[in-house]
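Residue numbers (our numbering): 174 to 456. Glycine included, C-beta positions come from ideal geometry on N, C-alpha and C.
If you want it as structure tokens, here you go:
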């Protein structure tokens with residue numbers, strides 16, 4: 174079971190970023206796009222990895238420093254709960270889940286009129302046997318990948334920097350990740366997101382970084398993995414009842430030395446970075 178996850182530009186976000194953005198809106202400004210010959214492609218991720226090195230990531234808050242606090246926060250939270258939550262444990266679960274198609278992340282990129290658009294979509298299997306045998310066409314996009322108006326929840330826009338190198342960003346995207354075993358993946362918000370990568374007809378790969386809002390992590394992740402009723406044993410959770418424990422973790426996550434990004438409304442977030450690779454795939 175994947176117990177917790179992040180919960181995966183041309184211009185830097187403001188030093189005090191705002192949070193009243195809409196999924197899919199972009200914050201990319203800057204130079205005109207390089208006239209790449211790339212047109213469009215579809216891909217399926219075969220790796221998605223939390224970057225464990227705190228010195229690798231991106232400048233989320235615009236202070237000129239690399240921001241990647243998630244691995245340290247996961248290590249701290251790991252001490253409070255019985256499930257393994259360290260970044261290396263989550264990464265291993267991601268490897269396993271992607272290999273068995275328990276999680277399917279699809280990507281679609283298109284380039285027209287100087288603008289590159291990248292959509293990240295939750296996929297599902299039409300024919301598991303076709304997938305296992307390496308045949309294309311076994312995948313389709315899950316309806317939960319789209320907002321009510323049909324816009325992808327995870328759409329970023331940007332430019333090419335050269336023939337294959339690109340940068341895209343958005344105020345917020347929703348990433349599909351499995352939180353609870355045997356349950357559909359949850360859509361986890363990542364704000365002030367930037368992807369810097371390379372793409373051609375064979376593969377897309379890159380670095381994604383942004384900020385996970387603490388309240389969204391608590392409401393959509395932590396509360397999902399903490400047992401309820403008779404399955405909850407206070408001895409496993411600092412001898413606190415469930416509500417007390419959740420409040421304790423929320424307060425802990427909002428400490429300035431834990432969550433490193435502060436938004437203009439005073440709410441806090443945890444910086445995160447991921448790497449991904451995705452070969453071209455028909456779906």
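Does the Cβ of residue i lie closer than 6 Å to at least one heavy atom of the ligand PLP?
i           : result
residue 241 : Judged by which ligands are present, the structure shown has none, so any question about the ligand PLP falls away.
What's the gap between the Cα of residue i and the Cα of residue j?
i           : j           : result
residue 406 : residue 453 : 46 Å
residue 227 : residue 444 : 10 Å
residue 395 : residue 425 : 13 Å
residue 292 : residue 327 : 6 Å
residue 241 : residue 224 : 8 Å
residue 184 : residue 382 : Reliability of the predicted coordinates at residue 184 is poor, the pLDDT of 32 falling under 50, and the value obtained from them is presented with this limitation in mind. Going from the Cα of residue 184 to the Cα of residue 382 covers about 14 Å.
residue 437 : residue 321 : 28 Å
residue 414 : residue 267 : 31 Å
residue 371 : residue 209 : 12 Å
residue 400 : residue 420 : 15 Å
residue 440 : residue 366 : 17 Å
residue 265 : residue 448 : 14 Å
residue 206 : residue 286 : 9 Å
residue 402 : residue 262 : 27 Å
residue 397 : residue 422 : 13 Å
Compare the Cα-Cα distances from residue i to each of the options and report the closest residue.
i           : options               : result
residue 374 : 208, 215 and 204      : 215
residue 298 : 285, 382, 347 and 279 : 279
residue 333 : 444, 439, 231 and 289 : 289
residue 218 : 286, 271 and 343      : 271
residue 368 : 338, 419 and 389      : 338
residue 376 : 248, 433, 451 and 206 : 451
residue 390 : 362, 378 and 381      : 362
residue 417 : 210, 253 and 383      : 253
residue 313 : 421, 380, 286 and 277 : 277
residue 220 : 403, 380, 408 and 423 : 380
residue 455 : 311, 402 and 422      : 311
residue 429 : 409, 246 and 237      : 246
Could you round the C-beta distance between residue i and residue j to whole angstroms and report it? I think they count as a contact, below 8 Å.
i           : j           : result
residue 281 : residue 295 : Not a contact, Cβ separation roughly 12 Å.
residue 431 : residue 249 : 7 Å
residue 232 : residue 434 : Going by Cβ atoms, the distance from residue 232 to residue 434 rounds to 11 Å, so no, they are not a contact pair.
residue 317 : residue 360 : 7 Å
residue 392 : residue 364 : So it is not a contact: roughly 15 Å between Cβ atoms.
residue 412 : residue 387 : The Cβ separation is near 24 Å, so there is no contact.
For the alpha helix (DSSP H) containing residue i, list its first residue and its last residue.
i           : result
residue 378 : Residue 378 -> not in any alpha helix (DSSP H); beta strand (DSSP E) instead, spanning 376-386.
residue 320 : That residue, residue 320, is in no alpha helix (DSSP H); it is neither H nor E in DSSP.
residue 247 : 243-251
residue 369 : Where residue 369 is concerned, there is no enclosing alpha helix (DSSP H), although the beta strand (DSSP E) it sits in stretches over 359-372.
residue 263 : 260-272
residue 418 : 415-426
Short check: CB of residue i to CB of residue j, under 7 Å?
i           : j           : result
residue 330 : residue 341 : yes
residue 385 : residue 446 : no
residue 230 : residue 239 : yes
residue 212 : residue 284 : yes
residue 251 : residue 259 : yes
Along the beta strand (DSSP E) that carries residue i, what are the first and last residues, could you check?
i           : result
residue 292 : 288-298
residue 449 : 441-452
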